[in-house]
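Residue numbers (the numbering used here): 16 to 303.
Glycine residues also receive a C-beta, built at the ideal position from the N, C-alpha and C atoms.
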């Protein structure tokens, strides 16, 4: 996941699934449009991170079984080394495989650190109406005193499954976020989004070759009270083994300021992206 904090922000970026800052580039000054872009990026990154925590749980503990998934070419068994696991303590109730609805709680306590050095604390709680690969299944996620690297995240996310596609070895779901609030350094901003997220398993046993794509749009009000809209103009792609989105383009706009464009590149796994405002562009480095 990549997230740009406001402490050392000099040049804006927008969207993604890390927690530090861009390197300085004198070609672009930090104006209101950069504030808008970074606020959208933070909200988007934190939202994607919450969803990814539940993806890890469902892929590990509620995976498609061979009995219930005839003709589905997905990973049903993976080595412990290959499994992706949340750093929180997972509780699923009731425990029966086919008993729904289920309440899934991921408890990070007073703070846990994942393998990428990201610190989470508090709880995220989801209520799942059916197996995640069943079309129409719904997962409602709420945060309870939840923080990521000191940033508080509030709000509700509703995920609705579009089912499993046996041809592409993928499942997808629509994500709706209504007026989520992100509090950082005593300031807050609100954010809403409608997205379609697709998770491609590639039909292999190991999950480490999986990847995620994202399309859709978001809107909100930044820390300065400016309303904005962000649109993914080219599908975002993120391999699960990467800490960064590797391709895709997003545009962030408002009535009062120039459009900010962030281009994540050609699919190469690296921490580079290009920001464009008007006729000025700059490459930025995104850490962690």
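Alpha carbon of residue i to alpha carbon of residue j, nearest angstrom
{"i": "residue 237", "j": "residue 243", "result": "8 Å"}
{"i": "residue 185", "j": "residue 270", "result": "38 Å"}
{"i": "residue 265", "j": "residue 252", "result": "12 Å"}
{"i": "residue 286", "j": "residue 280", "result": "10 Å"}
{"i": "residue 103", "j": "residue 191", "result": "24 Å"}
{"i": "residue 38", "j": "residue 277", "result": "Low confidence applies to residue 38: its pLDDT is 33, below 50, so where it sits in the model is not reliable enough to give any reading."}
{"i": "residue 177", "j": "residue 256", "result": "24 Å"}
{"i": "residue 297", "j": "residue 291", "result": "7 Å"}
{"i": "residue 169", "j": "residue 60", "result": "14 Å"}
{"i": "residue 123", "j": "residue 195", "result": "20 Å"}
{"i": "residue 283", "j": "residue 58", "result": "24 Å"}
{"i": "residue 245", "j": "residue 126", "result": "32 Å"}
{"i": "residue 166", "j": "residue 258", "result": "19 Å"}
{"i": "residue 136", "j": "residue 157", "result": "14 Å"}
{"i": "residue 159", "j": "residue 294", "result": "43 Å"}
{"i": "residue 193", "j": "residue 206", "result": "7 Å"}
{"i": "residue 142", "j": "residue 174", "result": "10 Å"}
{"i": "residue 99", "j": "residue 152", "result": "23 Å"}
{"i": "residue 139", "j": "residue 161", "result": "7 Å"}
{"i": "residue 101", "j": "residue 74", "result": "11 Å"}
{"i": "residue 76", "j": "residue 198", "result": "32 Å"}
{"i": "residue 227", "j": "residue 155", "result": "20 Å"}
Assigned exposure category for residue i - 16 Cβ within 10 Å defines buried
{"i": "residue 148", "result": "buried"}
{"i": "residue 68", "result": "buried"}
{"i": "residue 150", "result": "exposed"}
{"i": "residue 182", "result": "exposed"}
{"i": "residue 249", "result": "exposed"}
{"i": "residue 240", "result": "exposed"}
{"i": "residue 128", "result": "exposed"}
{"i": "residue 172", "result": "buried"}
{"i": "residue 118", "result": "exposed"}
{"i": "residue 114", "result": "exposed"}
Proximity to residue i [Cα-Cα], best of the options
{"i": "residue 289", "options": "299, 295, 281", "result": "299"}
{"i": "residue 2", "options": "115, 121, 203", "result": "Here the chain covers residues 16 to 303 and nothing more, so residue 2 does not appear."}
{"i": "residue 222", "options": "202, 283, 254", "result": "254"}
{"i": "residue 235", "options": "209, 229, 225, 224", "result": "209"}
{"i": "residue 145", "options": "137, 156, 116", "result": "116"}
{"i": "residue 212", "options": "179, 272, 136", "result": "179"}
{"i": "residue 62", "options": "261, 112, 143, 163", "result": "163"}
{"i": "residue 71", "options": "261, 229, 225", "result": "225"}
{"i": "residue 232", "options": "112, 189, 76, 64", "result": "189"}
{"i": "residue 267", "options": "260, 187, 275", "result": "275"}
Residue interval of the beta strand (DSSP E) (run including residue i)
{"i": "residue 264", "result": "262-269"}
{"i": "residue 181", "result": "Where residue 181 is concerned, there is no enclosing beta strand (DSSP E), given that its DSSP letter is neither H nor E."}
{"i": "residue 160", "result": "153-163"}
{"i": "residue 146", "result": "Taken as a continuous stretch (DSSP letters only), residue 146 belongs to no beta strand (DSSP E), as it is neither H nor E."}
{"i": "residue 229", "result": "226-236"}
{"i": "residue 206", "result": "202-215"}
{"i": "residue 105", "result": "104-108"}
{"i": "residue 280", "result": "272-281"}
{"i": "residue 243", "result": "242-254"}
{"i": "residue 118", "result": "117-122"}
{"i": "residue 257", "result": "No beta strand (DSSP E) contains residue 257, which DSSP labels as neither H nor E."}
Residue i beta carbon near the ligand COA (any heavy atom closer than 8 Å)
{"i": "residue 276", "result": "Looking at this structure, you won't find the ligand COA or any other ligand, since it has none at all."}
CB contact check: residue i to chain B, cutoff 9 Å
{"i": "residue 228", "result": "No chain B appears in the structure shown, which is made up of a single protein chain."}
Fill in: Cβ contact (3+ pairs, closer than 8 Å) linking the stretch 107-117 and the stretch 126-133
no
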